[in-house]
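A.B. asks: Under the numbering used here, think of the first position of the sequence shown as 85, with each following residue one higher. We treat Cβ as the ideally placed atom computed from N, Cα and C, and that holds for glycine. Let me give you the structure first, and then I'll get to my questions.
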Amino acid sequence: MRGVQEDGAVILSESGRYIGVWTKAHIFDKFYLGDTSHYRTGYGLGLPLVKRIVELCGGDVGVQSQ
Numbered sequence: 085m086r087g088v089q090e091d092g093a094v095i096l097s098e099s100g101r102y103i104g105v106w107t108k109a110h111i112f113d114k115f116y117l118g119d120t121s122h123y124r125t126g127y128g129l130g131l132p133l134v135k136r137i138v139e140l141c142g143g144d145v146g147v148q149s150q
């Protein structure tokens with residue numbers, strides 16, 4: 085994680101599983117859990133909540149997969 089003070093950017097990095105096109109399109113949808121064949125935890129509210137809070141503060145949230 086690193087922060088950029090001038091732009092107020094926070095960049096989080098995860099080197100785990102690949103994020104597919106379908107998941108990228110829905111990752112910020114409420115209750116979306118993605119591929120649950122490997123895990124069954126969570127309620128699908130974390131990223132939608134982060135997105136809403138950041139947008140209320142005038143920011144933007146996105147996801148990038150390589």
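(1) Do Leu-108 and Val-147 have their C-beta atoms closer together than 7 Å?
(2) I'd like the span of the alpha helix (DSSP H) that includes Lys-135, first residue to last.
(3) So His-110 is in the alpha helix (DSSP H); what residue range does that whole segment cover?
(4) Could you work out which residue in Val-138, Val-145 and Arg-101 is closest to Ser-121 when comparing CA atoms only?
C.D. replies: Answer, in terms of the structure:
(1) Start at 1 with the first residue of the sequence shown, and residue 108 comes out as number 24. Start at 1 with the first residue of the sequence shown, and residue 147 comes out as number 63. Strictly speaking, residue 108 in this sequence is Lys, with Leu absent from that position. For Lys-108 and Val-147, yes; Cβs fall inside 7 Å.
(2) By 1-based counting over the sequence shown, the position of residue 135 is 51. 130 to 140 is the span of the alpha helix (DSSP H), which, as asked, contains Lys-135.
(3) Locating residue 110 in the sequence shown gives position 26, where the first residue counts as 1. His-110 -> alpha helix (DSSP H) spans 105 to 110.
(4) Counted from its first residue, the sequence shown places residue 121 at position 37. Closest by alpha carbon: Arg-101.
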